[in-house]
Amino acid sequence: MDQPLLVFVTVAEQKNFTRAAEQLHMTQPAVSQYIKTLERMVGTKLLERSNKYVRLNKAGIIVYHHAKEILGQYARMQCLVDDLMHTASGLLSLGASYTFGEYVLPHVIAGLHAQYPLIKPRITIGNTKEIAELVLNHQLDVGIVEGGLQRENLYVEPFAEDVMYVVAAADHPLAQQEQVSAAELTEATWIVREVGSGTREATEKMFAALQLTPADLLEFGSTQIIKESVEAGIGITLLSYWAIRKELSRGGLRRLAVRGIPVVRSFSLVTPATRFYTKATQIFLERVRQEGTLPALPD
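Take a look at the structure:
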């Protein structure tokens, strides 16, 4: 492990030498010495310091970004070596976009934990763009995202089909119709996810395919808030079946009969292009790829 980098990252994140020393179980003078050593190595100051604060300067921001990546690589290297001698165990850092992470991943983790209790998942939820960035920066072992994704230095593997429906509250006027026209969809209030979300990408593609330009568009940053808002009658939306299956079964939401719906897309696994995996990561990937790890799709 590169100790100066570890000390620097800890100071940067704690924004305080004393707290960093406590976390690292070191003395404060030792922490200061490591920072001075690193600054000599890179040839410039990395931190702005006063009696009130410690913060990164412009050079420090650059070093911090790369230090996080280097420390992540160290950790993965050690895990790979340890795996040669031990059974699957240790931290498994997972990231998932909202739909998969909140509505499907818990079922996968439950099965994994039952068989491999020594694997300790740590889960980060974000939109597709955010998860891809974290994998690219080696802060996640595996990402699971929605829709299409093309990024250099990432390996993207579609592994499951996802179907999406336009839904409304059960008592919404459009929910009572046998067929909903494009004009009616254009006039409706739409509730959509933020830019960068795989669900938003799918929604935009659907608008283009149906030649829709909704006049009233509300943007919410959470699938759960969108579902609650649609059930409350605020508007309509396009969501994955995985996210709405309970509401559909209970009758709170209804699928609208729209030409060209359902929209079909894929869930994809995202890993670093190097593809050197710990045993825990390999086992997780194998489980996700297996048939039966996801709830059954509707007929």
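Throughout the sequence shown, residue numbering follows the UniProt record's numbering, covering 1 to 299 in sequence.
Beta carbons are placed, not taken as given, at the ideal position from N, Cα and C, and that holds for glycine.
Item	Value
Reference Ala114, options Glu201, Ser89, Ser97 and Leu94, closest by Cα	Ser89
CA-to-CA distance, Gly235 to Gly292, given in whole angstroms	Only weak support exists for where Gly292 lies, its pLDDT of 43 falling under 50; the value from the coordinates is given anyway. Rounded to whole angstroms, Gly292 to Gly235 spans 34 Å at the Cα level.
Cβ shell of Pro121 (< 6 Å), same chain only, five flanking positions each side left out	Leu92, Leu94 and Ile109
8 Å contact criterion, which Ile125 and Ala96 should meet: CB distance rounded	6 Å
Start-to-end residues for the beta strand (DSSP E) that takes in residue 307	Here the chain has residues from 1 to 299 only, and residue 307 is not among them.
Assumed close pair Thr199, Ser229 - CB separation to whole angstroms, cut-off 8 Å	About 14 Å separates the two Cβ atoms, so there is no contact after all.
Cα-Cα separation, Gln33 to Glu13	18 Å
Contacting residues, own chain, Cβ-Cβ under 8 Å from Met41 (five flanking each side not counted)	Pro4
Test item: CB-CB of Arg255 and Tyr165 under 8 Å	yes
Residues near Lys205 in its chain [Cβ-Cβ closer than 8 Å; skip 5 each side]	Val263
Given 8 Å, three or more beta-carbon pairs between the stretch 186-203 and the stretch 269-283	no
Proximity below 8 Å, CB of Arg265 to CB of Glu157	no
Contacts around Ile123, its chain only, beta-carbon distance under 6 Å, and the 5 residues preceding and following it disregarded	Leu94
Length of the line joining the Cα atoms of Ser73 and Leu118	According to the sequence provided, residue 73 is Gln. The question's Ser does not apply to it. Cα-Cα distance, rounded: 22 Å.
DSSP state of Met164 mapped onto helix, strand, coil	strand
Which of helix, strand or coil DSSP assigns to Tyr241	helix
Euclidean distance between Cα positions of Phe207 and Glu178	20 Å
Where the beta strand (DSSP E) containing Pro29 begins and where it ends	From DSSP, Pro29 is part of no beta strand (DSSP E) but of the alpha helix (DSSP H) over Gln28 to Val42.
Buried versus exposed call for residue 302 [16 or more other C-beta atoms within 10 Å across all chains shown]	An answer regarding residue 302 cannot be provided, because it is not within the stretch 1 to 299 covered by the chain.
Leu6: first and last residue of the uninterrupted beta strand (DSSP E) it sits in	Here Leu6 belongs to no beta strand (DSSP E); instead the alpha helix (DSSP H) covers Gln3 to Gln14.
Burial state of Glu194, where buried means 16 or more other Cβ atoms lie within 10 Å	exposed
Cut-off 6 Å between Cβ atoms - residues of its own chain near Arg134, not counting five sequence neighbours on either side	Looking at the sequence shown, residue 134 is not Arg but Leu. Excluding positions up to five away in sequence, the list reads Gly95 and Leu140.
Residue ranges of each beta strand (DSSP E) within the stretch 141-195, 3 or longer	142-146, 154-169 and 189-192
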